[in-house]
Each structure stands twice: as C-alpha cells, then as structure tokens.
Amino acid sequence: MSLDNRISKALELCGFISEDRQKSRSMSLLSIILKLQKDPPIPLTFSEIYNRFQKEDSDNKLTKAWIHRVLRSLLDAQLVRVENPSAHRKRYIADVNTVMAGLEQLKSQRIHELETQKNGIDRTIAEVASLDCGDIAQAFIKNLTGTRQKISSRIVRGVDELHRVLKFNMLDVAKKGDIIRATALWLGPFVEGAVNRTMRFIEVAQRGVDVRYMLSTQVFQIEELAPHVTINMDQAREVIHHLHMLRKSGVKFDIRIYEGPKTYNQVSINNDNMALIIAEDPVTATWITRDFNPDLIDNAVKAFDRDWRKAKSFLEMTPKDLQMFGVEPGGLISKLTSRDNKE
Numbered sequence: 009m010s011l012d013n014r015i016s017k018a019l020e021l022c023g024f025i026s027e028d029r030q031k032s033r034s035m036s037l038l039s040i041i042l043k044l045q046k047d048p049p050i051p052l053t054f055s056e057i058y059n060r061f062q063k064e065d066s067d068n069k070l071t072k073a074w075i076h077r078v079l080r081s082l083l084d085a086q087l088v089r090v091e092n093p094s095a096h097r098k099r100y101i102a103d104v105n106t107v108m109a110g111l112e113q114l115k116s117q118r119i120h121e122l123e124t125q126k127n128g129i130d131r132t133i134a135e136v137a138s139l140d141c142g143d144i145a146q147a148f149i150k151n152l153t154g155t156r157q158k159i160s161s162r163i164v165r166g167v168d169e170l171h172r173v174l175k176f177n178m179l180d181v182a183k184k185g186d187i188i189r190a191t192a193l194w195l196g197p198f199v200e201g202a203v204n205r206t207m208r209f210i211e212v213a214q215r216g217v218d219v220r221y222m223l224s225t226q227v228f229q230i231e232e233l234a235p236h237v238t239i240n241m242d243q244a245r246e247v248i249h250h251l252h253m254l255r256k257s258g259v260k261f262d263i264r265i266y267e268g269p270k271t272y273n274q275v276s277i278n279n280d281n282m283a284l285i286i287a288e289d290p291v292t293a294t295w296i297t298r299d300f301n302p303d304l305i306d307n308a309v310k311a312f313d314r315d316w317r318k319a320k321s322f323l324e325m326t327p328k329d330l331q332m333f334g335v336e337p338g339g340l341i342s343k344l345t346s347r348d349n350k351e
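FYI, the numbering for the sequence shown is 9 to 351, going by this note's numbering.
This is the structure we're talking about:
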C-alpha cells in the first residue's frame, strides 16, 4: 500500500525515507512486521518475519544476516522493540507506540543534524560577508604579479559593506593627527547597529585621530524610527557618558548637529579618500581616492568644514536647545542628553 503525500513528506523530513520517497529496505521490513501484528500486538519471531519478507520480496534473495542487520537498525531507531531483551530467543513487536517512539527519536536526530548544518552555513555566510573584495583583489594581483595596484574607485552597497570599506581604508590606517569627517544626513538605514559602529570611531579617536561626526536634525525624530529598529537605551547612554569622559581627557571626538540643506553625505580621511553616499534605500556609496577625483574630495571636505563650524555639539545640548528642535521631554533624545549622563 502506497503512502499518501502527507505521510511520505513527514517520513522524509524525519530522515526515514529518501527525498525521492522510494521505500528503503528498513521501510519494507517495518511494513511487513506491522502487517503481521495483531491488535493487541503479538510478539513475532525472527523466522516469521524473515519468511514473510521472502514471500513479499521474492525477487531479491536476501540472506538472514542481511535481514538481521536491517532489523537491528529498526531496533536502534526504536521503531521496533524486543519483548524480552534478556530472552535467548527474541520476539519483536511493532505498533503505533513503537512507531511513535521511533519517529520522535528520528525527529530529534534530524533536528540536531539540521542545526549543525545551519550553524556551519551561518559561519560560512559570515565569513563570506566579511570579505573585502577590494583588499582581496589587490592581494591577488600582487601574489600573481609581484606588484600592488591601487584601487581608485568602487561602488559599495549596504551599510555593513560600507563600514567594511571604511574599516580597511580609514579606521585601520588612521593615525594621530589625521582627521576623519563623517556626515550622516540620512539616519534611517544607519540607526540599527549605530552604537556599535560609533564605538569603532571612538576607538580611532582614542589613538589620537580627530573624529568629526556631523548629524542632521533628523536625529531628533529618532522616536519615529524606534518602532522599526532595536535601540538599546542602556548601551546608548553608556556611549554618551563615555564620550563626555573622553572629551574631558582631551580625546578629539565630537558629534555636531547640522541644520542646513543637505550637501555631501560622506565619510573621508583627510583629503586622501572618501566614501560618498549616493542613495539611501538601499544604501549605496562610491568610494574614491584622491587619484580618481581630487576636486570632488576637496569640495566635500571644504563643504563639511564650513557646515561643521556652524553646527552645534550634541554633547553640549541644553534642554532649551532641545526644545528649540522640537524634542519632547522624557523622550529618547532627552534621556540621552540628560545631566545624569554627564556626571
């Protein structure tokens, strides 16, 4: 008797039958044992099982040793049980209880196997995602030719890829006396994970780099974004408190609020290279070096410095300043800038 699709799919998911849903020898033997059983079940001898199997599968002359091995696999899977394991002559039982117990065991094993595979796949995905293709391309060519070619421009897609490019080309190479300028005029795609990314810039500032982070007034609308992202308030408050402590120690890291019209949405290091964000959804940027377009970099840096001088430090905001920007008392921004964070 053939199995309907629902049962076949369930057995396939548990790993008892193959994906092509062809009955295995184990399935055939279990089927024979179940057909031989009465209700309530009567224990069967090996001879009874073997003779019935030979009768129903007469085309294949299978040895008793082979049937024993298949039967052992059913016992190990708990689909069949022995009436009295200590008896010299064993008798076998298979019914709804043994099948249920066996399927539960197969199900647990299958879940464990899939979770192990998933963990391996997740690790591989993380490894692939962490690759910087620009760095690999340079290393690849140098390995083949002995010379290192410079990348002058590239398109970057996605927030994670953008920050990976910033890490390799700015954060990792910045040294004392360098200036990193960052403008975030579109906050939407950057809110998720913002605290962790900010910490990377803070670490650079602690090496003596002058980090200038300029935000648009859209930051005061963060409550509207909050339902769609995860914001760890304790972590965010800790970062703000940490920034106040760093400023007292002379570390050059400032966040300023820019009120004017949108200009260059960019991150740059000195006048050497720049990531210019050109689209918000999905985040798309073009990373360029001075060799590619020095005028664009110089103009972006000049515009940034002009707006930076007009902007007001977020770390120095008073309740009156916040009120002017329409910030509600007791909201996220008010909590982040409260005096409690500055003690």
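Just so it is clear, CB atoms sit at the ideal spot from N, CA and C, and this is done for glycine as well.
Small disclaimer: the values here were computed from a predicted structure and weren't measured.
| Query | Result |
| --- | --- |
| Rounded straight-line distance, which links the Cα of Asp168 to that of Phe176 | 13 Å |
| Cβ-based burial, Leu139 [other Cβ within 10 Å; buried from 16] | exposed |
| Ala85 in three-state terms, based on DSSP | coil |
| As assigned by DSSP and simplified to three states, the class of Asp186 | coil |
| Ile285 - containing beta strand (DSSP E), residue span | 281-288 |
| Spatial distance of Asp299 from Phe209 (CA atoms) | 25 Å |
| Environment of Gln30 [buried if 16+ CB atoms lie within 10 Å] | Its pLDDT being 45, under 50, Gln30 is placed unreliably by the model, and the measurement read from it follows with that caveat. Its Cβ having fewer than 16 others within 10 Å, Gln30 is exposed. |
| Assigned exposure category for Asp262 - 16 Cβ within 10 Å defines buried | buried |
| Distance, Asp103 Cα to Leu42 Cα | 6 Å |
| Endpoints, the alpha helix (DSSP H) within which Asp168 is located | 167-174 |
| Same chain, Cβ closer than 8 Å to Val247, neighbours up to 5 away in sequence not counted | Val203, Thr206, Met207, Ile210 |
| Run of the beta strand (DSSP E) containing Asp329, from where it starts to where it stops | Asp329 -> not in any beta strand (DSSP E); alpha helix (DSSP H) instead, spanning 327-332. |
| Segment contact, 8 Å Cβ cut-off, at least three pairs: the segment 284-303 with the segment 249-262 | no |
| Contacting residues, own chain, Cβ-Cβ under 8 Å from Ile25 (five flanking each side not counted) | Ser16, Leu19, Lys31, Ser32, Met35 |
| Burial state of Val212, where buried means 16 or more other Cβ atoms lie within 10 Å | buried |
| Coil, strand or helix - Ile40 by DSSP | helix |
| Meets three-Cβ-pair contact criterion under 8 Å: the segment 89-107 and the segment 64-78 | no |
| Host alpha helix (DSSP H) of Val203 (start-end) | 202-213 |
| Beta-carbon contacts of Asn281 that lie in its chain and below 8 Å, excluding the five residues immediately before and after | Asn177, Met178, Trp295, Ile296, Thr297, Arg298, Ile305 |
| Three-state secondary structure (DSSP) of Phe24 | coil |
| Backbone CA spacing between Asp130 and Thr124 [nearest angstrom] | 10 Å |
| Those runs of the beta strand (DSSP E) which lie wholly inside the segment 69-140 and span at least 3 residues | 99-101 |
| Own chain residues within Cβ distance below 6 Å of Thr271, not counting five before or after | Ala311 |
| Cβ contact (3+ pairs, closer than 8 Å) linking the segment 74-88 and the segment 107-127 | yes |
| DSSP-derived helix/strand/coil call for Asp143 | helix |
| Which residues DSSP lists as bridging Met222, in chain order | Thr191, Arg264 |
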